[in-house]
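The next block holds one structure in the form of structure tokens; read it before the comments.
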Amino acid sequence: MRHIIGTGDRKSKAKYSLNILGEYNIGGDGWEQERILKRIGYDIVSVFTGDGSYDTMKNSHLADLNLVMCHRSINYVAQMMKTKYGIDWIKVNFIGVGSTCKTLRMIAQYFNDPELIAKTEEVIADELESISDDIEYYKSKLKGKTAGIFVGGSRAHHYQLLLRDFGMETVIAGYEFAHRDDYEGRDIIPQIKPDADSKNIEEISVSPDENLYKERYTGEEVEELKKKGIELDTYDGMIPDMKKGYVVVDDYNMFETDELIKSMKPDIFFSGIKDKYAIQKAGVVSRQMHSYDYSGPYAGFNGAVNFGRDVTMSIYTNAWALTTPPWKTAPLLEGKIGGEE
Numbered sequence: 030m031r032h033i034i035g036t037g038d039r040k041s042k043a044k045y046s047l048n049i050l051g052e053y054n055i056g057g058d059g060w061e062q063e064r065i066l067k068r069i070g071y072d073i074v075s076v077f078t079g080d081g082s083y084d085t086m087k088n089s090h091l092a093d094l095n096l097v098m099c100h101r102s103i104n105y106v107a108q109m110m111k112t113k114y115g116i117d118w119i120k121v122n123f124i125g126v127g128s129t130c131k132t133l134r135m136i137a138q139y140f141n142d143p144e145l146i147a148k149t150e151e152v153i154a155d156e157l158e159s160i161s162d163d164i165e166y167y168k169s170k171l172k173g174k175t176a177g178i179f180v181g182g183s184r185a186h187h188y189q190l191l192l193r194d195f196g197m198e199t200v201i202a203g204y205e206f207a208h209r210d211d212y213e214g215r216d217i218i219p220q221i222k223p224d225a226d227s228k229n230i231e232e233i234s235v236s237p238d239e240n241l242y243k244e245r246y247t248g249e250e251v252e253e254l255k256k257k258g259i260e261l262d263t264y265d266g267m268i269p270d271m272k273k274g275y276v277v278v279d280d281y282n283m284f285e286t287d288e289l290i291k292s293m294k295p296d297i298f299f300s301g302i303k304d305k306y307a308i309q310k311a312g313v314v315s316r317q318m319h320s321y322d323y324s325g326p327y328a329g330f331n332g333a334v335n336f337g338r339d340v341t342m343s344i345y346t347n348a349w350a351l352t353t354p355p356w357k358t359a360p361l362l363e364g365k366i367g368g369e370e
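Numbers given in the working numbering equal positions in the sequence shown, counted from 1, plus 29.
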């Protein structure tokens with residue numbers, strides 16, 4: 030990326046332009062986000078890296094604002110673009126109805142344009158009207174159900190908020206390759222000590238580009254944005270959004286997964302393809318979040334409806350819970366000890 034970003038010169042024709050960072054277009058999530066943002070009037074310069082390309086990435090330094098979806102995978106790039114080109118970044122979440130509304134309003138407030146703010150509210154109202162009946166229907170089916178989530182990136186955080194839209198609570202959550210700041214927020218970064226793996230990764234340092242650096246806001250203007258609830262270049266982590274008494278476990282293995290399922294008894298467990306079938310054989314329905322079991326998109330307003338449909342379908346047709354495995358009705362091993370049966 031360091032050899033590509035900054036080499037283009039295509040300036041956006043739109044009044045406001047954005048990059049979406051850490052969006053990998055699983056199930057078409059990126060396309061749904063672009064659809065909504067373009068309705069409001071934004072130009073999407075580049076998506077890193079789902080549906081992205083060399084041609085779009087080389088112009089990404091000319092965007093007005095970076096939106097960070099997956100904090101773990103791309104916060105370094107966002108921070109380096111801030112240092113080198115002056116582009117602010119905000120941590121966003123297009124997973125969930127409430128989260129999408131909050132994200133769209135944050136972006137509009139960042140630009141502080143009354144016309145843009147009005148257009149944002151118009152699009153939100155129209156999108157909500159089109160999905161409200163479906164959301165209420167699936168909520169009536171899912172309210173009170175519980176879930177476990179174990180995936181990488183920021184998804185274990187994002188999907189808790191989407192589940193909450195349907196009246197569900199996440200009782201177990203964890204990441205596969207997170208750092209402490211993904212759990213506790215970026216304020217913890219100065220306390221994090223490099224481990225052996227980190228020492229094997231190249232350290233990249235950047236400085237302001239003499240020709241391309243452009244400060245978007247002064248320090249005073251940044252403080253004004255904070256008063257509006259717009260926090261730039263930061264992330265509070267997953268834990269503040271979880272209720273007390275629920276379980277957070279980092280990088281847990283299959284044995285730990287089995288024990289957590291026994292103790293917390295979630296109605297559904299979201300994980301990866303390698304865990305999915307082991308979980309289902311324990312009688313708990315599972316959906317894998319690496320490719321959405323070939324469904325999606327789950328992002329944005331329409332994505333929330335798709336998610337509600339798929340979760341309802343899964344929970345109410347849990348064939349694994351109705352099946353008695355053969356190892357429960359017959360011995361697993363037959364043999365003789367000392368010549369006796």
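Heads up, the beta-carbon is just placed ideally off N, CA and C, and yes, glycines get one too.
One question on the structure: do Glu-262 and Gln-138 come within less than 9 Å of each other, judged by their Cβ atoms? Residue 262 is actually Asp in this sequence, not Glu. No, they are not a contact pair.
Rounded C-beta distance between Lys-120 and His-100? I'm assuming under 8 Å. 6 Å
Just how far apart, CA to CA, sit Lys-172 and Ala-185? 19 Å
Among the residues of its own chain, which have a CB less than 8 Å from the CB of Lys-272, if the five just before and after it don't count? Glu-198
I need the boundaries of the alpha helix (DSSP H) containing Asn-335, first residue and last residue. 329–345
Suppose the cutoff is 6 Å on Cβ atoms and the five residues either side in sequence are ignored; what does the same chain contact list for Thr-175 look like? Glu-198, Val-200, Pro-295, Asp-296
What is the C-beta distance between Ser-102 and Gly-182, in whole angstroms, given that I count them as a contact (C-beta under 8 Å)? 6 Å
By the DSSP assignment, the alpha helix (DSSP H) with Ala-199 in it spans what residues? Residue identity differs from the one stated: residue 199 is Thr in this sequence, not Ala. From DSSP, Thr-199 is part of no alpha helix (DSSP H) but of the beta strand (DSSP E) over 198–204.
Helix, strand or coil: which one does DSSP assign to Lys-168? helix
Can you give me the Cβ contacts of Ile-221 inside the same chain, cut-off strictly under 6 Å, excluding the 5 residues immediately before and after it? Arg-209
Neighbour-count burial assignment, Pro-326, 16 or more Cβ in a 10 Å radius: buried
Please return the same chain residues whose Cβ sits closer than 6 Å to the Cβ of Thr-149, not counting the five positions on each side in sequence. Ile-69, Leu-133, Ala-137
Is the CB of Ile-218 under 9 Å away from at least one CB in chain D? You won't find chain D in this structure, because it holds only one protein chain.
For Gly-266, which beta-bridge partners are listed by DSSP? None; Gly-266 has no bridge partner.
Three or more C-beta pairs below 8 Å linking the segment 77–85 and the segment 55–66: yes
Rounded to a whole number of angstroms, what is the C-alpha to C-alpha distance between Arg-39 and Asp-279? 42 Å
Based on the DSSP secondary-structure assignment, which residues constitute the bridge partners of Leu-94? Leu-47
How is Phe-123 classed by DSSP in three states: helix, strand or coil? coil
Bridge partners of Val-277, per DSSP? Ala-202
Just to confirm my understanding: we take Gly-127, look at its own chain, exclude 5 residues before and 5 after, and list those with CB closer than 7 Å. What are they? Leu-190, Asp-194
Can you give me the Cβ contacts of Gly-339 inside the same chain, cut-off strictly under 7 Å, excluding the 5 residues immediately before and after it? In the sequence on display, residue 339 carries Asp and not Gly. Excluding sequence neighbours, Asp-339 sits near Arg-316, Ser-324.
Would you say Gly-56 and Ser-320 are within 9 Å of each other, going by their C-beta atoms? yes
What first and last residue would you give for the beta strand (DSSP E) that runs through Gln-317? 314–317
Note down, in chain order, each residue of its chain lying with its Cβ closer than 7 Å to the Cβ of Ile-153, except the 5 sequence neighbours on either side. Cys-130, Leu-133
For Ala-78, which three-state DSSP category applies? Residue identity differs from the one stated: residue 78 is Thr in this sequence, not Ala. DSSP places Thr-78 in strand when its eight states are reduced to three.
Three-state secondary structure (DSSP) at Phe-179? strand
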